[in-house]
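S.K.: Provided herewith is a single structure, encoded as structure tokens, for subsequent inquiry.
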Amino acid sequence: MKRLLLLVVILALSYAFIQSKNILHIAAGVSIFLLGMQSLEEGFRFFVGGFLDKFLKKITNNLYKSILFGAITTTLMQSSGLVAVIAISFISAGLISIAQGIGIILGGNIGTTTGAWLIAGLGLKINIATYALPMLVFGTLFMFQESKRLKGIGYALAGLGFSFLGIAYMKEGFDAFKETIDLTQYSADGFMGLILFTLIGAGMTIIMQSSHASLVLILTALSASQITYENAIALTIGANIGTTVTAIIGALGAGYEGKKLAGAHFLINTLTGFLLIWFVPQFIHFIDLTAPFLGIPKNDYPLKLALYHTYFNLICVLLFAPVVHGLVALLNHLFKPEVTSENEIDDVLFINDVALDFPDTAQATLLKETKHLYNNVFDIIAKGLSVTKEDITSGMEIDDILKLRTKAMIVNMDDYYERRIKEIYGKIINFAILAQGKFADESNQQLIPIKNATLGIVEAFKASKHMQKNMLRYLESDNEYIKSEYNHIRKNLIKHLRTMQMIFNTSEEDVAVLLLSKLQLDAQKYDIAANKSLDTLIRTNKITYTMATSLMNDTTYAYTIASELTKVAHTLFIHSNAESKEGREALILNESEVTDLTHSTEPRSHT
Amino acid sequence: MSGFKFIQKIKELFGIVAPSVDTTKKQIIKELLKKLKLRRILLKQELKNETDLIKREAIHDSIKIIKKQIKKGKEIVDV
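Going line by line, the protein sequences match chains D and Y. When the first sequence is numbered by the working numbering, its final residue is 633 and no position is left out of the sequence of numbers. When the second sequence is numbered by the working numbering, its final residue is 191 and no position is left out of the sequence of numbers.
This is the structure in structure tokens:
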């Protein structure tokens, strides 16, 4: 269907180009302008990875700062689309809240108005094509440089050059049109006319995926008197509605939080549009009254349209900024995360295409998804020990849990792996590899340990699976000695898992730093104590040799689970805060330091 | 004011001045050391009141770990 539509568009355009060279000029202008916008976005992406995302995290901690951030970045980058993509990506990764994201979108709306002023005030009054050519030459020169910064500047310069050239072509096309055909004969008056042109404005923005391109087209057509002022206003309202489709398309690959933001953008612009469309005559009168104060001549309709565009977006902010929290509540009601039941195949919760846009969002997403995988593995390891996740997270004494859970819990580990681990594990690894290929070495170094933590989680699961067979057999054995040994394994692993939950849940970093070292110490001490106990049991013939072999293997598996999960807790804690990462890491004792401590203490009594 | 100083000033205003990695690391360690010292005092008090042998051993282990961490942290900060 899409291909057929493309074919129809190509044929229609080809026919139009044969019929009129002016249409070719205008279409070429739009294409060059869009190419310029893409190049400009590409240029800014080189800076986004470092400077912009740090700036974003610092400055968007309240709504009004978010609005300011949206307005400034859109003004600088002249792309509300890129700002929306940044906001969606950061929301999806959980780095900013949905309310802050809405602030950025509202600010972005104000930022786009500067584009209209620049085009109406300068672009249409001076011959900007003369500036375009040197920009293209210097931009291309920079694009081939090694330095990322210079590359970024190159893409941005070339982008501006192409945009200027595109505007010049559009202007030329409309000016030439004026001599042969008068498009104003197709103008429509009255309310129906407003509705019709609003729909046309929305349609052309959806097709071009750029409200800037639409605005340029509207302003150049208006400056060449090819559309009426009233119809231009309706087209602008339409462009503001159509531009939300860009964010909606961007959010298709995002998580449900990203979808919320796209929904907010659509609601804000559409509601403002349909509210203001009723008051267009009054607005025209208001603009006529206020324009002279800004020095806008009576007949300068492009500048008046820029003023209208500014009023429209300011009203948008004034209407929605005070009710952002209500809007968030509505969006929370409309968009809900998919909850999978235990029997369904669990899928990733945070990984999506937009998370791959920036190094910070990729890392935050990878961390969250690894924790999601850990939670699933925690659940199955607990079941493998014949207890539940809730037993471990409860405040119950471990001995009481063991007294409560004396019966073996039969769980199909392979089935659980297929349903709740495999898919997530595969997608995490795939995401990490894609991110490693995309970002610079510095960012990669942050991703590798998190990827390894994922491997560690799965290793712990495998060890748990191997251990489960004997656990089922000996937990209900008549031999009290072997039963007691398996209960001892259970007790230590329950303690380990409980400590891990404490590390993940505590807000006091000194507690986490202490517990991470303690996890290692406990694992080593347990291993020593278990081996001693095993020797005694074999020497005194308390257990058979098959029991001894099983116990020996399972003690090793228990040690694998404990040590792998310790590494996971270490990585997830260290990487949860990039700023204090190195300081935290320095104070956590390493393996040899823990070994020193283990040997300086008496082995724990075997209960 | 030179161009560089002006940019630094602007960065300071927006709170995006990036201090050297080493300074940040030492600062974080100093803060963590303070917290760990307080934690050690709390654990020592807890140890006095604890009668259960296994729990006493666990608290004792924690105190030993903190002692080693404080020693390690001081060495880094003093360099």
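Where is the CB? At the ideal position from N, CA and C, for every residue including glycine. Quantities reported herein were computed from a predicted structural model and do not represent experimental measurements.
On the three-pair Cβ rule with 8 Å, is the region 49-59 of chain D touching the region 185-196 of chain D?
M.R.: Short answer: they touch.
S.K.: Between the beta-carbon of L540 of chain D and the beta-carbon of K176 of chain Y, is there less than 7 Å?
M.R.: no
S.K.: For the alpha helix (DSSP H) that contains I454 of chain D, what are its first and last residues?
M.R.: K448 to K464
S.K.: Would D548 of chain D be called buried (16 or more neighbouring beta carbons within 10 Å of its own) or exposed?
M.R.: buried
S.K.: As a quick exercise: from D:H291, D:I244, D:I459 and D:I36, pick the residue whose alpha carbon is nearest that of L392 of chain D.
M.R.: D:I459
S.K.: Going by DSSP in three states, L411 of chain D sits in which element: helix, strand or coil?
M.R.: coil
S.K.: When DSSP labels each residue in this structure, what does K285 of chain D get in the three-state scheme?
M.R.: helix
S.K.: Compute the beta-carbon to beta-carbon distance between G281 of chain D and S118 of chain D, rounded to the nearest angstrom, for a pair I have assumed lies under 8 Å.
M.R.: Between S118 of chain D and G281 of chain D the Cβ distance is about 5 Å, and since that is below 8 Å, they are a contact.
S.K.: Below 8 Å on the Cβ atoms is my contact criterion, and I expect G141 of chain D with T224 of chain D to pass it. Report the Cβ-Cβ distance as a whole number of Å.
M.R.: With 8 Å as the limit, G141 of chain D and T224 of chain D do not qualify as a contact, their Cβ atoms being about 20 Å apart.
S.K.: Give me, in chain order, the residues of the same chain whose beta-carbon lies closer than 6 Å to that of S631 of chain D; leave out the 5 immediate sequence neighbours on both sides.
M.R.: The predicted position of S631 of chain D is uncertain, since its pLDDT is 42 and thus under 50; a value taken from the coordinates is nonetheless stated next. Here the set comprises nothing.
S.K.: According to the neighbour-count rule (16 or more other Cβ atoms, all chains shown, within 10 Å of its Cβ), is L144 of chain Y buried or exposed?
M.R.: buried
S.K.: Helix, strand or coil: which one does DSSP assign to Q171 of chain D?
M.R.: In the three-state scheme derived from DSSP, where H, G and I count as helix and E and B as strand, Q171 of chain D is classed as coil.
S.K.: How about V594 of chain D and A479 of chain D: are their beta carbons less than 7 Å apart?
M.R.: yes
S.K.: Taking DSSP as the reference, what is the three-state secondary structure of M422 of chain D?
M.R.: coil
S.K.: Nearest CA to the CA of I171 of chain Y: which residue from Y:Q181, Y:E158, Y:K179 and Y:I182?
M.R.: Y:E158
S.K.: If distances are taken between C-alpha atoms only, which option among D:T100, D:K517 and D:G219 comes closest to D417 of chain D?
M.R.: D:K517
S.K.: Put P348 of chain D into one of helix, strand or coil per three-state DSSP.
M.R.: helix
S.K.: Between which two residues does the alpha helix (DSSP H) carrying Y571 of chain D extend?
M.R.: Y571 to H601
S.K.: By Cβ distance, which residues of its chain are closer than 7 Å to I600 of chain D, with the 5 residues on each side in sequence left out?
M.R.: K607, R610 and E611
S.K.: Relative to the alpha-carbon of I447 of chain D, which residue among D:T387, D:I221, D:I371 and D:E590 has its alpha-carbon at the smallest distance?
M.R.: Residue D:I371 is the option with its Cα nearest to I447 of chain D.
S.K.: For N296 of chain D, tell me which candidate among D:L167, D:F164, D:A434 and D:I341 has the shortest Cα-Cα distance.
M.R.: With the sequence shown as reference, residue 296 of chain D is identified as Thr, and Asn is not the correct amino acid for it. Of the listed residues, the one whose Cα sits closest to T296 of chain D is D:I341.
S.K.: If we count the other Cβ atoms within 10 Å of its Cβ and call it buried at 16 or more, is H514 of chain D buried or exposed?
M.R.: Answer is buried; the Cβ neighbour count reaches 16.
S.K.: Specify, as a first and last residue, the run of the alpha helix (DSSP H) that S606 of chain D falls within.
M.R.: From DSSP, S606 of chain D is part of no alpha helix (DSSP H); its letter is neither H nor E.
S.K.: In this structure, how does DSSP classify K433 of chain D when only helix, strand and coil are distinguished?
M.R.: The answer is coil: DSSP assigns K433 of chain D none of H, G, I, E or B.
S.K.: If we ignore side chains and look at the alpha-carbon of each, how far apart do R168 of chain Y and L155 of chain Y end up?
M.R.: 10 Å
S.K.: Does any CB atom of chain D fall closer than 7 Å to the CB of I177 of chain Y?
M.R.: yes
S.K.: Identify the continuous alpha helix (DSSP H) that holds W143 of chain D and give its terminal residues.
M.R.: If you look at W143 of chain D, you'll find it in the alpha helix (DSSP H) that goes I124 to L144.
S.K.: E628 of chain D: buried (16+ other C-beta within 10 angstroms of its C-beta) or exposed?
M.R.: Below a pLDDT of 50, predicted positions are generally treated as unreliable, and E628 of chain D, at 49, falls in that range; the measurement from the model is reported next regardless. Its Cβ having fewer than 16 others within 10 Å, E628 of chain D is exposed.
S.K.: Do E449 of chain D and D561 of chain D have their beta-carbon atoms positioned less than 7 Å apart in this structure?
M.R.: When the beta-carbon positions are compared, D561 of chain D and E449 of chain D stay at least 7 Å from each other.
S.K.: If you reduce the DSSP assignment to three classes, tell me which class V189 of chain Y lands in.
M.R.: In the three-state reduction of the DSSP assignment, V189 of chain Y falls in the helix class, which pools H, G and I.
S.K.: Using a beta-carbon distance below 7 Å, is K174 of chain D in contact with chain Y?
M.R.: no
S.K.: Can you round the beta-carbon distance between G187 of chain D and M63 of chain D to whole angstroms, since I take them to be within the 8 Å contact cut?
M.R.: G187 of chain D to M63 of chain D, Cβ: 12 Å. No contact.
S.K.: Check whether the Cβ of Y255 of chain D lies closer than 6 Å to any heavy atom of the ligand MG, and answer yes or no.
M.R.: The ligand MG is not part of the structure shown, which contains no ligands of any sort.
S.K.: Per DSSP, what kind of secondary structure is N295 of chain D in: helix, strand or coil?
M.R.: helix
S.K.: Buried or exposed for R152 of chain Y, going by 16 or more other Cβ atoms inside 10 Å?
M.R.: buried
S.K.: Taking C-beta pairs closer than 7 Å, name the residues in chain Y that K544 of chain D reaches, listed in chain order.
M.R.: In chain order: D173, S174 and I177.
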